[in-house]
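Protein chains in written order, with the working numbering: chain D, 1 to 112; chain Z, 113 to 225. From the three backbone atoms N, C-alpha and C, an ideal C-beta is built for every residue, glycine too. Model, not experiment: these values are computed from the prediction. The structure appears right after this line, and notes come after that.
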Amino acid sequence: ELKVEQNPLFLSMQEGKNYTIYCNYSTTSDRLYWYRQDPGKSLESLFVLLSNGAVKQEGRLMASLDTKARLSTLHITAAVHDLSATYFCAVDNVSNAGKSTFGDGTTLTVKP
Amino acid sequence: NAGVTQTPKFRVLKTGQSMTLLCAQDMNHEYMYWYRQDPGMGLRLIHYSVGEGTTAKGEVPDGYNVSRLKKQNFLLGLESAAPSQTSVYFCASSWDRLNSPLHFGNGTRLTVT
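In C-alpha cells form, the structure reads like this:
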C-alpha cells in the first residue's frame, strides 16, 4: 500500500525567509504532484514531476524529485504573505489506474 | 470554460436521508474521481472512473455509490447518510494519467446530523 508522508504539517514563517517542505512516499511511483489549497477553496495544481532529478520552478516555489530516495521537496524562497496556504503532495502509479494518493498537507502561514 | 462543476455547494442531511452529488466536466476528460477531505487529513479516494460506463472502488468506498452514464458526468450517491460522512467532497478529472494533474471542482460541504 502506497503511503505518502509530508512534514512539517504546520509551518509558520516570516516574510523573506526560506524553507523546505518534504514529501516522502513508500513505494515506487511514476509521478508526483504538488497542489495548493487556499482556505475554503479547491485544490490547484502547482507542479508535475515525472522523472528522477526533475526540478520545476514557478516564482518563489521550486519542486524537485528524487525517486531513488522516494522524496520530493517544495522549497520556498523569500516567502511572502500570498504564499500562505495548504500544500499537498500526491503520488501516482499509472499501473494502478493512476490513482493519486495524497499526503496530509502542510499548512503554511507567512507572517509579516 | 467552466472546468469541473460540482452541485450542490452545501447540504445538510439528517441521518438516514439520501442524496446525490453531481460532478460535471466540460474538458472531455476520461478519468474522474471522487475524494473526501476531512480536517487535518489529506484527500481520500472514494470511487473513480476510467471512462464512460466504468466505475471502481477507491480507498474508502463504503456507504457510497457512483455512476458514470455520460462521459462528462460523475455522480456520487449516499443511500443512507451517517454522521461519519460529514465531510467536504471534491470531484476531480484528468485527461490522462501519464502527465496530467487532477482538475478539481470547488467542493461540496456536507453535514449529516
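Within chain D, partners of residue i - CB distance below 9 Å
| i | result |
| --- | --- |
| Z/Phe-186 | In chain order: nothing, as chain D lies at least about 14 Å away. |
| Z/Leu-157 | Lys-99, Ser-100, Thr-101, Phe-102 |
Cβ of residue i within 8 Å of any chain Z Cβ
| i | result |
| --- | --- |
| D/Asp-92 | yes |
| D/Gly-105 | yes |
| D/Tyr-25 | no |
| D/Ser-84 | no |
| D/Ser-42 | yes |
Proximity test, Cβ basis, 8 Å: residue i and chain D
| i | result |
| --- | --- |
| Z/Arg-148 | no |
| Z/Phe-122 | no |
| Z/Asn-218 | yes |
| Z/Tyr-160 | yes |
| Z/Met-131 | no |
| Z/Met-144 | no |
| Z/Gly-170 | yes |
Interface residues of chain Z facing residue i [CB-CB closer than 9 Å]
| i | result |
| --- | --- |
| D/Val-48 | Asn-211, Ser-212, Pro-213 |
Close-in-space but distant-in-sequence residues of the same chain around residue i (CB under 7 Å, 5 per side omitted)
| i | result |
| --- | --- |
| D/Ala-85 | Arg-36, Gln-37, Asp-38, Leu-108 |
| D/Glu-5 | Asn-24, Gly-103 |
Anticipated Cβ contact below 8 Å, residue i with residue j, distance rounded
| i | j | result |
| --- | --- | --- |
| Z/Tyr-145 | Z/Leu-157 | 6 Å |
| Z/Tyr-201 | Z/Leu-181 | Rounded, the Cβ-Cβ distance is 19 Å, inconsistent with contact. |
| D/Ser-29 | D/Lys-3 | 11 Å between Cβ atoms; not a contact. |
Under 8 Å by beta carbon: chain Z residues contacting residue i
| i | result |
| --- | --- |
| D/Ser-45 | Pro-213, Leu-214, His-215 |
Neighbourhood of residue i by C-beta, 6 Å cutoff - its chain only, sequence neighbours within 5 removed
| i | result |
| --- | --- |
| Z/Trp-207 | His-141 |
| Z/Tyr-147 | Leu-155, Leu-157, Phe-202 |
| D/Trp-34 | Leu-46, Phe-47, Ala-63, Leu-74, Cys-89 |
Contact set between residue i and chain Z, taken where Cβ atoms lie within less than 7 Å
| i | result |
| --- | --- |
| D/Ser-100 | Leu-214 |
| D/Tyr-33 | Pro-213 |
7 Å Cβ cut-off: residues of chain D touching residue i
| i | result |
| --- | --- |
| Z/Met-153 | Asp-104 |
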